[in-house]
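What follows is a single structure, written as structure tokens, with notes after it.
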Amino acid sequence: MPTKTILSPAQRAVIFDPPADRATIERLYTLGPDDLAQVARRRRGANRLGYAVQLCYLRHPGRRLLTGDAVPAAMLALLADQIGCVADDFTGYATRPTTLREHRAEIEALLGLRAFARVDVRAMLALGSEIAASTDRGETIVTGMVDRLRADRIVLPATSTLERLALIVRTRARKAAHSNLIRDCSTEQEAALEHMIASDDDGRTRLGWIREWPEAPSAANLKGIVERLDTVRGIGIAADRARRIHAARYAVIARTAGIVTAQHLRRLERPRRLAMLVASVIEMEATLTDAALVMVEKMVGALFRRADRTRSDRLLGQARMLKDTARFHARLGRLLVDARASGRDAFRAIDAKMGWDQLERSIRFAEDLTRSADDGLEEVVERYPAVRRFAPTFLAAFTFRTARLADPLLGAIEVLRTMYRDGRSVLPKRVPTSFIKPRWRKVVQPAEGTIDRRAYEIAVIAHLRERLGSGSIWVDGSRAYRTLDDYQLPMPAFEAMRASGDLRLVVPTDFSKWYEERRTLLARRMTEVERAAAAGELVDVTIERGQLLISSIRRSPSDDADALKARLYAMLPRVRITDLLVEVAAWSGFADRFVHARSGAPPPTSPR
3 MPTKTILSPA
13 QRAVIFDPPA
23 DRATIERLYT
33 LGPDDLAQVA
43 RRRRGANRLG
53 YAVQLCYLRH
63 PGRRLLTGDA
73 VPAAMLALLA
83 DQIGCVADDF
93 TGYATRPTTL
103 REHRAEIEAL
113 LGLRAFARVD
123 VRAMLALGSE
133 IAASTDRGET
143 IVTGMVDRLR
153 ADRIVLPATS
163 TLERLALIVR
173 TRARKAAHSN
183 LIRDCSTEQE
193 AALEHMIASD
203 DDGRTRLGWI
213 REWPEAPSAA
223 NLKGIVERLD
233 TVRGIGIAAD
243 RARRIHAARY
253 AVIARTAGIV
263 TAQHLRRLER
273 PRRLAMLVAS
283 VIEMEATLTD
293 AALVMVEKMV
303 GALFRRADRT
313 RSDRLLGQAR
323 MLKDTARFHA
333 RLGRLLVDAR
343 ASGRDAFRAI
353 DAKMGWDQLE
363 RSIRFAEDLT
373 RSADDGLEEV
383 VERYPAVRRF
393 APTFLAAFTF
403 RTARLADPLL
413 GAIEVLRTMY
423 RDGRSVLPKR
433 VPTSFIKPRW
443 RKVVQPAEGT
453 IDRRAYEIAV
463 IAHLRERLGS
473 GSIWVDGSRA
483 YRTLDDYQLP
493 MPAFEAMRAS
503 GDLRLVVPTD
513 FSKWYEERRT
523 LLARRMTEVE
533 RAAAAGELVD
543 VTIERGQLLI
553 SSIRRSPSDD
563 ADALKARLYA
573 MLPRVRITDL
583 LVEVAAWSGF
593 ADRFVHARSG
603 APPPTSPR
């Protein structure tokens with residue numbers, strides 16, 4: 003059976019092998035005068051070159067040169083050129099293993115290095131455990147160990163040694179995270195979690211049913227989401243349980259839990275299975291909450307769109323009547339103008355030419371056409387049955403919060419929630435109305451002291467939708483509609499960082515220091531400006547006769563420049579995006595950063 007590894011071949015080469023590019027080799031492996039003096043003490047060219055290679059290996063990457071190591075040709079060429087021999091001399095180095103060991107011991111003493119010992123294993127396990135608490139990536143863990151060993155001037159052990167230590171700490175970190183997630187879970191909660199992946203008579207599981215929530219915006223689908231949400235909430239797993247472990251570690255568990263099937267979960271060991279189910283419950287509660295809120299937002303938006311279409315269709319249907327009414331009133335206007343010009347009685351002219359009955363009918367029709375509000379809110383109220391189908395479910399399923407004390411909109415939500423729960427169809431005598439905007443007030447309160455119940459219910463839902471979108475109201479359990487405080491650093495963590503002076507800000511946290519720095523910077527910049535002004539070196543600025551003259555803003559690039567840019571872009575080769583990604587992967591090695599979603603293991607082979 004092959005040995006289990008935590009690094010891919012490409013990752014292992016980056017950490018433990020010398021660089022291959024010429025620029026880095028020149029930067030790391032250019033020998034100083036003392037180095038050349040030590041190399042010159044060797045008698046043969048092979049020994050001098052081999053000694054130099056060992057010296058460079060122990061400096062970077064910080065490990066010993068092993069028999070059979072493929073030293074980069076560019077590195078050999080650079081060292082051979084510095085010490086006055088040829089690169090082929092390296093093939094004759096260390097024909098006696100004793101020479102290799104003696105040179106290694108001498109260089110380690112010269113550089114102040116020591117060998118990796120048993121006592122260092124415990125230190126590496128402690129360091130690796132600290133790193134593994136926040137990541138599952140083997141490359142990050144091993145790199146942290148290597149950096150610490152280099153800082154402590156300890157020769158790197160065999161690659162397999164650090165990989166085994168990294169595997170140990172990663173396994174421990176996973177088990178510790180699983181234990182912390184399921185700690186204090188009651189027997190009933192564990193049974194409910196296990197029941198989620200148990201198959202029923204049809205072979206389906208509750209986990210699969212919860213994941214397959216409907217997405218089309220409708221009242222029935224909203225009830226389906228709320229039903230699933232109630233099932234998840236009924237297990238009683240608090241969302242703050244995720245804070246028991248590092249956020250990055252929890253993200254790995256949650257991401258894995260979101261893609262594995264119930265059958266796969268049943269095959270896992272119990273602590274890991276329960277931990278993934280806990281993470282799945284926490285994530286599904288937030289996901290279902292957001293899905294329900296987004297669905298309500300879509301349904302309210304569709305309500306307004308349908309109302310607009312209804313109003314538009316109604317106006318189009320009345321277009322002929324509008325034309326007839328306009329003609330009638332045009333005749334009326336002409337009749338009045340002629341009566342005034344001729345000095346006749348206008349009332350008698352109207353009675354004789356048009357008739358008062360016909361004029362009254364035309365006026366009533368014109369009033370009906372212009373009575374509707376310009377924003378079409380009356381048409382929205384006409385679609386009240388669609389709102390009543392989902393509003394009780396929506397308001398009863400979620401807890402809304404705001405930073406404003408005694409927010410009237412939350413009071414109105416509570417009034418509607420109570421009315422729906424009690425099965426009543428009449429509003430209380432006194433309800434909150436101060437939150438209603440002027441455009442809504444004329445339909446909600448058509449007359450003094452009266453409230454249109456249907457318009458009031460729709461206004462509450464519409465105002466709630468706007469406040470959710472602005473962030474002034476948030477929802478418990480939501481991730482997309484949460485309070486701004488959740489995006490900020492927790493206050494205890496901030497206080498601890500401020501007390502330790504580790505706020506990691508780019509400016510001083512002490513005002514006096516910041517003030518002195520800015521004052522010094524301002525004085526230096528003003529001195530520079532004064533010197534440049536005296537020498538006439540200010541760009542686009544001159545000082546003449548005590549006046550500051552600034553050149554006008556230059557014109558933007560001409561059309562010729564835009565045409566040239568288009569021609570240059572047209573000269574770029576057209577390549578397939580997949581071919582481009584393969585080429586970039588060969589340059590940067592970014593494909594090696596991908597790991598298995600469940601195990602965190604690197605790919606078995608490097609992509610080509």
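Start counting the sequence shown at 3; every next residue gets the next number (the working numbering). The C-beta atom is built at its ideal place from N, Cα and C for all residues, glycine as well.
**Message:** Please classify V88 as buried or exposed, where buried requires at least 16 other C-beta atoms within 10 Å of its C-beta.
**Reply:** exposed
**Prompt:** Should the segment 178-194 be called in touch with the segment 137-156, which here means at least 3 C-beta pairs below 8 Å?
**Reply:** no
**Message:** I'd like the list of long-range same chain contacts for I247, defined as Cβ closer than 7 Å, with 5 residues on each side in sequence excluded.
**Reply:** A179, N182 and L183
**Where the beta strand (DSSP E) containing E546 begins and where it ends** = V543 to E546
**Asked** When the Cα atoms are used, what is the spatial distance from L337 to L324?
**Response** 20 Å
**Request:** With DSSP collapsed to three states, give me the class of P21.
**Result:** coil
**Prompt:** Would you report the Cα separation of R520 and L158, rounded to the nearest angstrom?
**Reply:** 46 Å
**Item:** Best match in R50, A288, L470 and A107 for proximity to E299 [C-alpha to C-alpha]
**Value:** L470
**Message:** Quick check on E104: buried or exposed, where buried means 16 or more other Cβ atoms within 10 Å of its Cβ?
**Reply:** exposed
**Prompt:** Hey, quick one: how far does the alpha helix (DSSP H) through F118 stretch, first residue to last?
**Reply:** Premise fails: F118 is in no alpha helix (DSSP H) and is neither H nor E.
**Euclidean distance between Cα positions of A449 and L466** = 24 Å
**Message:** Runs of 3 residues minimum, wholly inside the segment 284-322: which ones carry the beta strand (DSSP E) assignment?
**Reply:** none
**Message:** Quick check on the burial criterion: 16 or more other C-beta atoms within 10 angstroms. Buried or exposed for M528?
**Reply:** exposed
**Asked** So what's A15 in DSSP terms, helix, strand or just coil?
**Response** helix
**Asked** With a Cβ-Cβ cutoff of 7 Å, do V477 and F367 count as a contact?
**Response** no
**Prompt:** Between the C-alpha atoms of R274 and A241, what's the straight-line distance to the nearest angstrom?
**Reply:** 18 Å
**Item:** Simplified DSSP state of W215, which is helix, strand or coil
**Value:** coil
**Asked** Just the Cα atoms here: how many angstroms apart are V55 and I143?
**Response** 28 Å
**Message:** Taking the alpha-carbon of R61 as reference, which of R313, R139 and G114 has the nearest alpha-carbon?
**Reply:** G114
**Request:** Could you pull out every residue in the same chain whose Cβ sits closer than 8 Å to the Cβ of T163, ignoring the five residues on either side in sequence?
**Result:** F118
**Message:** So, at 7 Å on beta carbons, what are the nonlocal neighbours of M198 in its own chain, with the 5 sequence-adjacent residues on each side left out?
**Reply:** T207, R208, L209 and L279
**Message:** So, with DSSP's three-state summary, where would you put V549?
**Reply:** Note that residue 549 corresponds to Gln in the displayed sequence, not to Val. Strand, per DSSP.
**Asked** Does the count of Cβ pairs from the segment 74-82 and the segment 19-35 closer than 8 Å reach three?
**Response** yes
**Asked** Span of the alpha helix (DSSP H) holding R150?
**Response** G140 to A153
**Asked** If we ignore side chains and look at the alpha-carbon of each, how far apart do A160 and R174 end up?
**Response** 22 Å
**Prompt:** Applying the criterion that 16 or more other CB atoms from any shown protein chain within 10 Å of the CB defines a buried residue, is F349 buried or exposed?
**Reply:** exposed
**Asked** For T1, does the three-state DSSP call read helix, strand or coil?
**Response** For the chain, the structure presents residues 3 to 610; residue 1 sits outside this window and is missing.
**Asked** Could you give the distance in angstroms between the alpha-carbon of A666 and the alpha-carbon of E585?
**Response** Nothing in the structure corresponds to residue 666, since the chain is present only between 3 and 610.
**Asked** To the nearest whole angstrom, what separates the beta carbons of V296 and A464, a pair I think is in contact under 8 Å?
**Response** Their Cβ separation, rounded to whole angstroms, is 16 Å, which puts V296 and A464 out of contact at 8 Å.
**Request:** Answer yes if the segment 440-459 comes into contact with the segment 377-395, meaning at least three C-beta pairs across the two stretches below 8 Å, and no otherwise.
**Result:** yes
**Request:** Under 6 Å Cβ to Cβ from R172, same chain only, skipping five residues before and after it: list those, please.
**Result:** A134
**Prompt:** L67 and I109: beta carbons closer than 7 Å?
**Reply:** no
**Message:** For R423 and I8, what's the separation of their Cα atoms in angstroms?
**Reply:** 57 Å
**Request:** Take the Cβ of F496 as the centre, count every other Cβ of all protein chains shown within 10 Å, and call the residue buried at 16 or more, exposed below.
**Result:** exposed
**Request:** Express the C-alpha separation of T26 and P74 in angstroms, rounding to a whole number.
**Result:** 12 Å
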